[in-house]
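Here's the structure, in structure tokens; my notes come after.
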Amino acid sequence: MIANVWSLLKLLMFQGLFTSPPQDPGFDFFYLTLQWPGAYCDTKRSCCYPTTGKPTADFGIHGLWPNYNNGSYPSNCDPNNEFDPSEISDLVSTLQKKWPTLSCPSNEGYKFWEHEWEKHGTCSESVMDQHGYFEKTLALRDRINLLQILTDAGIEPNDEFYELKDIKNAIEEGFGFTPVIHCNRDPEKNRQLHEIFFCVDTSATEFINCPRPRDGCPSHIQFAKF
Numbered sequence: 001m002i003a004n005v006w007s008l009l010k011l012l013m014f015q016g017l018f019t020s021p022p023q024d025p026g027f028d029f030f031y032l033t034l035q036w037p038g039a040y041c042d043t044k045r046s047c048c049y050p051t052t053g054k055p056t057a058d059f060g061i062h063g064l065w066p067n068y069n070n071g072s073y074p075s076n077c078d079p080n081n082e083f084d085p086s087e088i089s090d091l092v093s094t095l096q097k098k099w100p101t102l103s104c105p106s107n108e109g110y111k112f113w114e115h116e117w118e119k120h121g122t123c124s125e126s127v128m129d130q131h132g133y134f135e136k137t138l139a140l141r142d143r144i145n146l147l148q149i150l151t152d153a154g155i156e157p158n159d160e161f162y163e164l165k166d167i168k169n170a171i172e173e174g175f176g177f178t179p180v181i182h183c184n185r186d187p188e189k190n191r192q193l194h195e196i197f198f199c200v201d202t203s204a205t206e207f208i209n210c211p212r213p214r215d216g217c218p219s220h221i222q223f224a225k226f
């Protein structure tokens, strides 16, 4: 009898009908965070172009951040898993274009990527390794032509002011998911479109509706030139 049960289980596993439960990733979703370089540079803090030159006037990646539904997030989960540049050597040219650094002094971007991996990426080790973290983030970013969506709706980076609701509606209609938007302040204290957050499932493959869609902007914001 036991032998027959074991044979049945092996058959089910072979056919893909019986599998072990998925591993708990230790968090509830990811934030894919994209930032507008014009807003980053139009503040009191220093802004330096990377050694490869001025980035394209487009939304760049800030990071892919594991989060909890209650609004908190894990960080620096594995001090032993340090950033290894050799792991992403095949991605560097793409990272420099789509995940550029604007911090000073001018640099290639490795410090930025190291920070993102060690603070956020190490908390997703149950889902992907270092190479997978950067590769999947780039792939997610490529699925959102964010600047095109906004310009098609007449929302352009021209230092003009736009209604927050119009920005969100344009993105929802053009992409299918409502983003979370955060703003900064320029030296004149204008509130500017700075970062746009999209929520992603724990496998880092599918976009989802955000569990806590709370914006950090007033109703009327500036879209800075770059």
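In full-length UniProt numbering, the protein residues as written are 1 to 226.
Quick reminder that beta carbons are idealized off the backbone N, C-alpha and C, glycines included.
This structure is a prediction, so every number in the text was calculated from the model and none was measured.
Residue i vs residue j beta-carbon contact at 7 Å
i       : j       : result
Ala-57  : Gln-192 : no
Asp-42  : Ala-224 : yes
Cys-55  : Pro-100 : For the sequence presented, residue 55 should be read as Pro rather than Cys. Yes, they are a contact pair.
Tyr-31  : Trp-65  : yes
Phe-207 : Phe-197 : no
Ile-155 : Ile-167 : yes
Alpha carbon of residue i to alpha carbon of residue j, nearest angstrom
i           : j       : result
Gly-26      : Cys-123 : 8 Å
Val-200     : Phe-161 : 29 Å
Thr-151     : Asn-80  : 44 Å
Pro-211     : His-182 : 16 Å
Trp-36      : Phe-134 : 19 Å
Asn-69      : Ala-204 : 16 Å
Thr-33      : Gly-53  : 22 Å
Glu-188     : Asp-129 : 43 Å
His-131     : His-194 : 27 Å
Leu-91      : Gly-71  : 31 Å
Leu-164     : Asp-215 : 9 Å
Phe-226     : Asp-142 : 21 Å
residue 275 : Ile-149 : Outside the shown range of the chain (1 to 226) lies residue 275, about which nothing can therefore be said.
Phe-177     : Pro-50  : 32 Å
Pro-21      : Asn-190 : With a pLDDT of 44 at Pro-21, under the threshold of 50, the modelled position of this residue cannot be trusted; read the value that follows with caution. Distance between the alpha carbons of Pro-21 and Asn-190: 50 Å.
Lys-97      : Ile-88  : 14 Å
Asn-209     : Pro-179 : 8 Å
Gly-60      : Leu-146 : 10 Å
His-115     : Gly-121 : 9 Å
Start and end residues, alpha helix (DSSP H) containing residue i
i       : result
Val-92  : 92 to 98
Asn-169 : 164 to 175
Phe-112 : 110 to 119
Tyr-31  : Unbroken run through Tyr-31 is the beta strand (DSSP E), 29 to 35; no alpha helix (DSSP H).
Ile-149 : 146 to 152
With 16 other Cβ atoms within 10 Å as the buried cut-off, status of residue i
i       : result
Cys-217 : buried
Phe-112 : buried
Cys-47  : exposed
Cys-104 : exposed
Thr-137 : buried
His-62  : buried
Asn-107 : exposed
Glu-172 : exposed
Glu-82  : exposed
Asn-76  : exposed
Asn-67  : buried
Asn-184 : buried
His-220 : exposed
Range of the contiguous beta strand (DSSP E) that encloses residue i
i           : result
Arg-191     : 191 to 200
Arg-185     : 180 to 185
residue 254 : Only positions 1 to 226 of the chain appear in the structure, and residue 254 is not among them; the question remains open.
Ile-88      : Neither: Ile-88 is in no beta strand (DSSP E) and is coded neither H nor E.
Ile-221     : 220 to 222
Beta bridge counterpart(s) of residue i as assigned by DSSP
i       : result
Pro-50  : In DSSP, Pro-50 forms no bridge with anything.
Phe-134 : Beta-bridge pairing links Phe-134 to no other residue.
Phe-207 : Val-200
Gly-216 : His-182
Phe-83  : Paired residue(s): none; Phe-83 is not in a bridge.
Phe-226 : According to DSSP, Phe-226 bridges with nothing at all.
C-beta neighbour in chain D for residue i, strict 7 Å
i      : result
Glu-87 : Absence of chain D from the displayed structure is noted, only one protein chain being present.
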